[in-house]
Amino acid sequence: MTASSDQTARPFRSRPAAKALAGTAKVPGDKSISHRSLIFGALSVGETRVSGLLEGEDVLRTATAMRAMGAEVERLGDGNWKVWGVGVGGLSEPADVLDMGNAGTGARLVMGLVASHDFSATFTGDASLRRRPMGRVVEPLTRIGARFVGRSGGRLPLTVVGTAHPLPIEYELPVASAQVKTAVLLAGLNAPGITTVIEPEPTRDHTENMLRHFGASVEVEKTKTGGRIIRLAGQPEFRPTTIAVPGDPSSAAFPMVAALIVQGSEITLQNVGLNPLRTGLFTTLQDMGADFSFANTRSEGGEPVADITIRQSALKGITVPEERAPSMIDEYPILFVAAACAEGDTIVRGAKELRVKESDRLAVMARGLKSCGVDLEEFEDGIIIRGKGKPPQGLAAGEVIATELDHRIAMSFLVLGMAAKDGVTIDDARVMDTSFPGFADLMRRLGGDLQLAN
Numbered sequence: 001m002t003a004s005s006d007q008t009a010r011p012f013r014s015r016p017a018a019k020a021l022a023g024t025a026k027v028p029g030d031k032s033i034s035h036r037s038l039i040f041g042a043l044s045v046g047e048t049r050v051s052g053l054l055e056g057e058d059v060l061r062t063a064t065a066m067r068a069m070g071a072e073v074e075r076l077g078d079g080n081w082k083v084w085g086v087g088v089g090g091l092s093e094p095a096d097v098l099d100m101g102n103a104g105t106g107a108r109l110v111m112g113l114v115a116s117h118d119f120s121a122t123f124t125g126d127a128s129l130r131r132r133p134m135g136r137v138v139e140p141l142t143r144i145g146a147r148f149v150g151r152s153g154g155r156l157p158l159t160v161v162g163t164a165h166p167l168p169i170e171y172e173l174p175v176a177s178a179q180v181k182t183a184v185l186l187a188g189l190n191a192p193g194i195t196t197v198i199e200p201e202p203t204r205d206h207t208e209n210m211l212r213h214f215g216a217s218v219e220v221e222k223t224k225t226g227g228r229i230i231r232l233a234g235q236p237e238f239r240p241t242t243i244a245v246p247g248d249p250s251s252a253a254f255p256m257v258a259a260l261i262v263q264g265s266e267i268t269l270q271n272v273g274l275n276p277l278r279t280g281l282f283t284t285l286q287d288m289g290a291d292f293s294f295a296n297t298r299s300e301g302g303e304p305v306a307d308i309t310i311r312q313s314a315l316k317g318i319t320v321p322e323e324r325a326p327s328m329i330d331e332y333p334i335l336f337v338a339a340a341c342a343e344g345d346t347i348v349r350g351a352k353e354l355r356v357k358e359s360d361r362l363a364v365m366a367r368g369l370k371s372c373g374v375d376l377e378e379f380e381d382g383i384i385i386r387g388k389g390k391p392p393q394g395l396a397a398g399e400v401i402a403t404e405l406d407h408r409i410a411m412s413f414l415v416l417g418m419a420a421k422d423g424v425t426i427d428d429a430r431v432m433d434t435s436f437p438g439f440a441d442l443m444r445r446l447g448g449d450l451q452l453a454n
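Read in UniProt numbering, the sequence shown has 203 at position 203, and its numbers run on one by one without any break.
Right under this line is the structure:
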């Protein structure tokens, strides 16, 4: 449940674990793949079956949006879903406003869908989403032929007036963004000819993988500068299929870092997605000295997965390569927690994108870490965290971290509280259901002490 549907805050406290974390767990399904599974299923002709779907608030908003535009979307239970699609170009005008809650990914992707349909749809969201700029998708979708009516900067609420005659375009992303890339490609599905997206650095390629899985023609070419050119042939006929959603590496990051910083811990996370464009954090933690091992490596639905065992480790500060940012952009908050417990300086630059996520993640993390006693320096595009080789003091009694309606901020500080001497309290745990329903329960099963704050 998010703040858009319940106004009663739920302060939560994380205390130092009484013993080492131990056990085996499964993290929720990958959020990126879950969104795309519902969207592509809605564009196929016939029934698509999805297993392992993330049933968090963000993905449920996308499911509701697909129903509102004519697809049949049914929850069968235990992460299993059925989608009966209407075909590429077959969506219909929603009768009401599409409330995307906190789902930035869902909002941008569905805007791409609407842009190349001959109808209008109005989008809104919670307070956090209404602050986030949508101009980065407005610009290319306008080139395709859509019009946008709403607040300055393309912020929600925003009405997308789709076009009956979408144009295939060639668009070079000004910054690496899988969401913008996908919005353009989704709009291009309903346009005749070839839609081309040029990205300066490779971003997560779940969209390209899934387009092929449903029968579209997609070509990917590497550029001499390390980027990629993606070409999509428009107006394909999607065939229904089955999708097994792997565990989300972004969600796995939280229990992973908890095990690294709580003395004596060893846990195993099963069925975690290992798409190489999503595993920048894993590589970074290994560079810092993290002890990981991988077992049962396999492929599910075109995505590599494995079981990962993580053992408590003495972490060292490093300089994180800037070019790694696209593969770990969502994981920087929890990386900052690991850095706060490491020995020496961890230097992050080239991460300005963090300022336009669900919150200004650089600013919010810096404020919260400082209040826990962490020595750091914040920059416009990054941060230096000066770790002391042990967890920081934590929050004094009565102090509370303001999470700014950001699920990753909330979970990051709860992880820190599992190792910090005085623990950590956050102002509102509701937002965690955005991407990780059952987070507190899972951490308690592994040995954590997370409870509603009095």
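The C-beta atom is built at its ideal place from N, Cα and C for all residues, glycine as well.
Endpoints, the beta strand (DSSP E) within which residue i is located
i      : result
Gln270 : Glu266 to Gly273
Glu74  : Glu72 to Gly77
Ala127 : Not the beta strand (DSSP E): Ala127 falls in the alpha helix (DSSP H), residues Ala127 to Arg131.
Phe123 : Ser120 to Thr124
Thr163 : That residue, Thr163, is in no beta strand (DSSP E); it is neither H nor E in DSSP.
Asp449 : Asp449 to Leu452
Residues that DSSP places opposite residue i in a beta bridge
i      : result
Lys388 : Glu343
Val348 : Val320 and Ile383
Gly247 : Gly29 and Val272
Lys82  : Arg49 and Glu74
Ala22  : Glu266
Glu378 : Ile383
Thr242 : Arg49
Same chain, Cβ closer than 6 Å to residue i, five either side skipped, listed in chain order
i      : result
Phe40  : Met210 and Phe214
Glu93  : Phe119
Asp345 : Gly317, Ile384 and Arg386
Glu170 : Thr196
Trp81  : Val50, Leu53 and Arg75
Glu358 : Ser128 and Asp406
Met365 : Pro333 and Phe336
Val110 : Ala65
Val320 : Thr284 and Val348
Gly417 : Ser14, Gly423 and Val424
Gln270 : Lys26 and Asp307
Ala20  : Gly264 and Ser265
Other residues of its chain near residue i: CB distance less than 8 Å, five sequence neighbours each side excluded
i      : result
Asp238 : Here residue 238 is Phe; the residue named in the question, Asp, does not match the sequence. Taken in chain order, the residues that qualify are Phe40, Leu43, Ser44, Val45, Gly85, Gly87, Val88, Phe214, Gly215 and Ala216.
Gly106 : His35, Asp58, Val59, Arg61, Thr62, Ala65 and Met100
Arg298 : Pro304, Val305 and Ala306
Arg228 : Ile198, Glu199, Pro202, Val220, Glu221 and Lys222
As assigned by DSSP and simplified to three states, the class of residue i
i      : result
Val149 : strand
Thr48  : strand
Ser34  : helix
Ser14  : strand
Ser92  : coil
Ile39  : helix
Glu57  : helix
Ile426 : strand
Leu416 : helix
Leu173 : coil
Leu395 : coil
Asp99  : strand
Thr2   : With a pLDDT of only 39 at Thr2, under 50, the local geometry of the prediction cannot be trusted, and no value is derived from it.
Thr8   : coil
Leu156 : coil
Ala410 : helix
Residues of its chain near residue i, where Cβ-Cβ distance is below 7 Å and the 5 sequence neighbours each way are ignored
i      : result
Pro192 : Pro168, Gly234 and Gln235
Gly154 : Pro133, Met134, Gly135, Val138 and Phe148
Asp422 : Gln393, Gly394, Leu395 and Ala396
Residue i, enclosing alpha helix (DSSP H) - first and last residue
i      : result
Asp441 : Phe439 to Leu446
Arg370 : First, the amino acid is wrong: residue 370 is Lys here, not Arg. Arg361 to Ser371 is the extent of the alpha helix (DSSP H) around Lys370.
Leu186 : Ala178 to Gly188
Ile401 : No alpha helix (DSSP H) contains Ile401, which DSSP labels as neither H nor E.
Glu353 : Unbroken run through Glu353: none, as it is neither H nor E.
Leu109 : Gly104 to Ala115
Val138 : Gly135 to Ile144
Contact test: residue i Cβ vs the ligand GTP heavy atom, cutoff 7 Å
i      : result
Arg278 : No copy of the ligand GTP appears in this structure; indeed no ligand is present at all.
At 4 residues or longer, what runs of the alpha helix (DSSP H) sit wholly inside the segment 266-335? 280-287
Of all the beta strand (DSSP E) runs that stay within the bounds of the segment 192-240, which reach a length of 3 or more residues? 194-199, 218-222 and 228-233
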